[in-house]
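K.L.:
Residue numbers (my numbering), protein chains in the order written: chain W, 1495 to 1773; chain X, 125 to 387. The structure is given below, and queries will be raised subsequently.
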Amino acid sequence: MAEYAEANGLKRMGARPALSTYIKDAFSRRDFAFALSSFSNDAANARNRLGSWWMVILPTLQAATYGLIFGVILGSNRPDNFLPFLFTGVFLFAFFSGAFSSGATSITANSGLVKSLSFPRALLPVSAVIRQFLNLLPQLGVLLVLLLIIQRTITWSWLALIPIIVLMVIFASGLAMVAARMTVQVRDLTKVIPFITRVAFYVSGIFFSVEQTLVNYPYVWAIVKWNPIYDFIELARGAVVVGHTMTAELWIACTVWSLLSVVIGTVYFWKAEERYGRD
Amino acid sequence: MAATKKPAAKKPAAKKPVVIIDDVHIVYKVYASGKRATGAAARNGLFAKKTNLRSVHAVKGVSFTVYQGDTIGIIGSNGSGKSSLMRALAGLTPIDQGAIYSYARPTLLGVGAALLPNLSGEKNTMLGGMAMGFAKKDMEKSIDEVAKFAGLEEFIDLPMRTYSSGMAARLRFAIAAHRDHDILIIDEALAVGDLEFRKRSEARMREMRDSAGTVFLVSHSMKSIADTCNRVIWIEKGELKMDGKPEKVIAAYTKAIGQALDK
């Protein structure tokens, strides 16, 4: 039967496409991923009276709350130039945690699409990351305005945020694809995700300096400093926070993390492609 | 392998095949809670929940070959495996044994799914078309056409969750059918449409068939099947029961139902 099919130019269906075909197919439908993320953003805000303004209001409120709480609680233990340090950490961390949790539910939350249309499923977690990126833009606007007000200075190194964010999006896409497949196979994971995000928040040095805290524990520091979230946030601080520098080590770490994440994420997600439609 | 039909490959290959279904098996593995919802077993307390893996053999070795220009009607009772087979053909469900060959990736138009309920009909049209691989520009141009075909011009800017099931089904069909597909599978998607829409969509399906497209129509409406299809396949309990001219198969199917009711 296989020869008869081949003689008539028929291809085998249902089998998972080769990785290169899969990536090509997904790339040719990138319009879909972009449209899905901007439409979902609109839909999420459509029922609120302030609509898209929430994308600016919420991060501002968040920054004010964290500034107040951690500023008062930490007292004299605060890292230098505390508010810019904290705000950069909080806003960038929100991107990672959002990409992780919405990437994890991207297949299960869009079951209507998954069940009725066939398209490369990787577009769904990627679209969740694009959505977080679209959310990040107004937040970055707020952040840069705050930094300008507090530090009263603007430097060329702010431009380094552009490649940093590109790397962050690449890293988050891999992360989202891994989370998406794991959630489909083990639904219980959705219960653990808020916990994982919390832990990541506390160990990534959002409101304290990891280096200073671990000054007496060089071995722990040697491990902790490879935490990718920490690396990305430190690198971004190097770009915009006075008193921080972008080291070559951080650039290398972030580039390696991004590439590793997107390669592993794509292959891992693609390996289960035919299973996502099944419920 | 169903006993009623020889593998079509053994026929003289005068017509060009477009889809070959070769001894396809589909087995679902489902976690079932290992107790009944009522009775003593239900009162075992919080942690007594036992789950066991049940496998359901939905399609048991179906084979047939579809030739260019065919419009195939698929009939059979609920739960007979029709939709499973169609989903496998579209690549939405993996098959456990056998193989499916096709010259193009089929597009499936299924029931129930509201695509994205919180988005307007217009945005759902854009997304649906783009997911099927059409360019954004083409979809922007076709929105009015799709809305007109679905008869939803007035409502196209409302969220899809506000549509009735008939309206949603009409929009889904219009999205899928506004362009020619090499292979289109319609799975009971027309059942809730009104009479006028049914006539319009049947005309569209015949048009697609004439432009060398292949259409699979899963339906419980024997009239729809008889009006649009030139070949009918009857699937029962996961096996191919009959394959042939519409009049013959529909007559046999109707007779079998009549006998089952008399018993």
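Where is the CB? At the ideal position from N, CA and C, for every residue including glycine. If you're wondering where the values come from, they're calculated on a predicted model, not measured in any experiment.
Just checking my contact of residue 370/X with residue 307/X at CB under 8 Å: how many whole Å lie between their CB atoms?
P.N.:
In the second sequence, counting from the first residue as 1, residue 370/X sits at position 246. In the second sequence, counting from the first residue as 1, residue 307/X sits at position 183. Between residue 307/X and residue 370/X the Cβ distance is about 20 Å, and since that is not below 8 Å, they are no contact.
K.L.:
Does the pairing of the stretch 1559 to 1571 of chain W with the stretch 1694 to 1703 of chain W give three or more beta-carbon distances under 8 Å?
P.N.:
A contact exists between the stretch 1559 to 1571 of chain W and the stretch 1694 to 1703 of chain W.
K.L.:
Tell me where the beta strand (DSSP E) around residue 223/X begins and ends.
P.N.:
Walking along the second sequence from the start, residue 223/X turns up at place 99. From DSSP, the beta strand (DSSP E) with residue 223/X extends over 221 to 226.
K.L.:
Please report how far the alpha carbon of residue 1779/W lies from the alpha carbon of residue 1625/W, in whole angstroms.
P.N.:
Not covered by the structure: residue 1779/W. The range shown for chain W is 1495 to 1773.
K.L.:
Going straight from the alpha carbon of residue 1618/W to that of residue 1600/W, what length do you get?
P.N.:
Position 124 of the first sequence, counted from the first residue, corresponds to residue 1618/W. Position 106 of the first sequence, counted from the first residue, corresponds to residue 1600/W. Distance between the alpha carbons of residue 1618/W and residue 1600/W is about 6 Å.
K.L.:
Taking residue 343/X as the reference, give the member of 205/X, 380/X and 260/X with the closest Cα.
P.N.:
Position 219 of the second sequence holds residue 343/X. Among 205/X, 380/X and 260/X, the Cα nearest to that of residue 343/X is on 205/X.
K.L.:
Please report the straight-line C-alpha distance between residue 1577/W and residue 1757/W, rounded to a whole angstrom.
P.N.:
Translated into positions along the first sequence, residue 1577/W becomes position 83. Translated into positions along the first sequence, residue 1757/W becomes position 263. Straight-line Cα distance between these residues: approximately 36 Å.
K.L.:
Is residue 1730/W helix, strand or coil by DSSP?
P.N.:
The residue labelled residue 1730/W in the question sits at position 236 within the first sequence. Three-state result, residue 1730/W: helix.
K.L.:
Please report the distance separating the alpha-carbon of residue 1629/W from that of residue 1550/W.
P.N.:
Residue mapping note: residue 1629/W aligns to position 135 of the first sequence, counting from 1. Residue mapping note: residue 1550/W aligns to position 56 of the first sequence, counting from 1. Rounded to whole angstroms, residue 1629/W to residue 1550/W spans 9 Å at the Cα level.
K.L.:
DSSP three-state call for residue 230/X: helix, strand or coil?
P.N.:
Translated into the one-based positions of the second sequence, residue 230/X becomes position 106. It is coil, neither helix nor strand.
K.L.:
Let me see if you follow: with CB-CB separation under 7 Å, is residue 242/X close to chain B or not?
P.N.:
Within the model displayed, chain B is absent; protein chains W and X are what it includes.
K.L.:
Quick one: Cα of residue 203/X to Cα of residue 364/X, how far?
P.N.:
Within the second sequence, the letter at position 79 stands for residue 203/X. Within the second sequence, the letter at position 240 stands for residue 364/X. Using only the alpha carbons, I get a separation of about 14 Å.
K.L.:
Whose Cβ in chain X lies nearer than 7 Å to the Cβ of residue 1502/W?
P.N.:
The count along the first sequence starts at 1 and reaches residue 1502/W at position 8. Near residue 1502/W (Cβ distances below 7 Å), the residues of chain X are 140 and 141.
K.L.:
Considering just the uninterrupted stretch of the beta strand (DSSP E) at residue 366/X, what are its terminal residues?
P.N.:
Taking the first residue of the second sequence as position 1, residue 366/X is located at position 242. Counting along the chain, the beta strand (DSSP E) containing residue 366/X begins and ends at 363 to 368.
K.L.:
Does any C-beta atom of chain X lie closer than 7 Å to the C-beta of residue 1525/W?
P.N.:
On the first sequence, residue 1525/W is found 31 positions in, with the first residue counted as 1. Judged by the 7 Å Cβ criterion, residue 1525/W is in contact with chain X.
K.L.:
If residue 1592/W sits next to residue 1671/W, beta carbons under 8 Å apart, how far is it from one beta carbon to the other, in whole angstroms?
P.N.:
Here residue 1592/W is taken as the residue at index 98 of the first sequence, counted from 1. Here residue 1671/W is taken as the residue at index 177 of the first sequence, counted from 1. Incorrect: roughly 15 Å between the Cβ atoms, too far for contact.
K.L.:
Comparing alpha-carbon positions, which option in 316/X, 367/X and 377/X lies nearest residue 189/X?
P.N.:
Your numbering for residue 189/X matches position 65 in the second sequence. Comparing Cα-Cα distances from residue 189/X to each of 316/X, 367/X and 377/X, the minimum goes to 367/X.
K.L.:
Out of 1527/W, 1675/W and 1546/W, which one is the CA nearest neighbour of residue 1631/W?
P.N.:
For the purposes of this step, residue 1631/W is taken as residue 137 along the first sequence, with counting starting at 1. That would be 1546/W, whose Cα lies nearest to the Cα of residue 1631/W.
K.L.:
Since residue 191/X meets chain W, which of its residues come closer than 7 Å, beta carbon to beta carbon?
P.N.:
The count along the second sequence starts at 1 and reaches residue 191/X at position 67. Result: empty, since nearest Cβ-Cβ is about 10 Å, beyond 7 Å.
K.L.:
Give the residues from the stretch 203 to 228 of chain X that approach chain W closer than 8 Å (Cβ to any Cβ), ordered along the chain.
P.N.:
Those would be 211, 212, 213, 214, 215, 216, 217, 218, 219, 223, 224, 225, 226 and 227, in chain order.
K.L.:
On the criterion of 16 or more Cβ atoms from any shown chain inside 10 Å, does residue 333/X qualify as buried, or is it exposed?
P.N.:
Taking the first residue of the second sequence as 1, we reach residue 333/X at position 209. It is buried - the Cβ of residue 333/X has at least 16 other Cβ atoms within 10 Å.
K.L.:
Look at the alpha carbon of residue 183/X and the alpha carbon of residue 1720/W, and state the distance between them as a whole number of angstroms.
P.N.:
Position 59 of the second sequence, counted from the first residue, corresponds to residue 183/X. Position 226 of the first sequence, counted from the first residue, corresponds to residue 1720/W. Taking the straight line from one Cα to the other gives about 50 Å.
K.L.:
By the criterion of Cβ-Cβ separation under 7 Å, what are the contact partners of residue 146/X in chain W?
P.N.:
The residue given as residue 146/X occupies position 22 in the second sequence. Ordered by position in chain W, the residues that pass the 7 Å Cβ test against residue 146/X are 1495.
K.L.:
Nearest-angstrom Cα distance between residue 1506/W and residue 225/X?
P.N.:
Mapped onto the first sequence, residue 1506/W falls at position 12. Mapped onto the second sequence, residue 225/X falls at position 101. The straight-line gap from Cα to Cα measures roughly 4 Å.
K.L.:
Hey, how far is the Cα of residue 1777/W from the Cα of residue 1725/W?
P.N.:
What the structure shows of chain W is the stretch from 1495 to 1773, and residue 1777/W is not part of that stretch, so it cannot be assessed.
K.L.:
Assess, as a yes-or-no matter, whether the stretch 242 to 251 of chain X is touched by the stretch 1632 to 1652 of chain W under the definition of 3 or more beta carbon pairs within less than 8 Å.
P.N.:
Contact between the stretch 1632 to 1652 of chain W and the stretch 242 to 251 of chain X is absent, because fewer than three Cβ pairs lie under 8 Å.
K.L.:
Roughly how many whole angstroms lie between the Cα atoms of residue 1779/W and residue 227/X?
P.N.:
Outside the modelled stretch of chain W, which goes from 1495 to 1773, sits residue 1779/W, for which no answer is possible.
K.L.:
On the three-pair Cβ rule with 8 Å, is the stretch 1604 to 1618 of chain W touching the stretch 1759 to 1768 of chain W?
P.N.:
The stretch 1604 to 1618 of chain W is in contact with the stretch 1759 to 1768 of chain W.
K.L.:
Out of 143/X, 291/X and 258/X, state which residue places its alpha-carbon closest to the alpha-carbon of residue 272/X.
P.N.:
Against the second sequence, residue 272/X aligns to sequence position 148. Among 143/X, 291/X and 258/X, the Cα nearest to that of residue 272/X is on 291/X.
K.L.:
Quick one: what does DSSP say residue 201/X is sitting in, helix, strand or coil?
P.N.:
For the purposes of this step, residue 201/X is identified with residue 77 of the second sequence, where counting begins at 1. In this structure, residue 201/X counts as coil in the three-state DSSP scheme.
K.L.:
Please name the residue in 1521/W, 1542/W and 1498/W whose C-alpha comes closest to that of residue 146/X.
P.N.:
As a first step, residue 146/X must be located in the second sequence, where it is residue number 22. Ranking the options by Cα distance to residue 146/X, first place goes to 1498/W.
K.L.:
Mapping the DSSP letters down to three states, classify residue 1740/W as helix, strand or coil.
P.N.:
Stepping through the first sequence from its first residue, residue 1740/W is reached at position 246. Residue state, collapsed to three classes: coil.
K.L.:
Going by DSSP in three states, residue 1715/W sits in which element: helix, strand or coil?
P.N.:
Residue mapping note: residue 1715/W aligns to position 221 of the first sequence, counting from 1. Three-state result, residue 1715/W: helix.
K.L.:
So, for residue 302/X: in the same chain, excluding its five sequence neighbours on each side, which residues have a beta-carbon less than 7 Å away from its beta-carbon?
P.N.:
Counting from one through the second sequence, the residue named residue 302/X turns up at place 178. Closer than 7 Å at the Cβ level, and outside the excluded window around residue 302/X, lie 266, 269, 270 and 273.
K.L.:
Need the endpoints of the beta strand (DSSP E) that residue 360/X sits in, please.
P.N.:
Here residue 360/X refers to the residue found at position 236 of the second sequence. Its beta strand (DSSP E) spans residues 355 to 360.
K.L.:
Would you mind giving the Cβ-Cβ distance between residue 1641/W and residue 1727/W, rounded to the nearest angstrom? I have them listed as a contact below 8 Å.
P.N.:
Within the first sequence, the letter at position 147 stands for residue 1641/W. Within the first sequence, the letter at position 233 stands for residue 1727/W. In fact, because the Cβ distance is near 14 Å, the residues do not count as touching under 8 Å.
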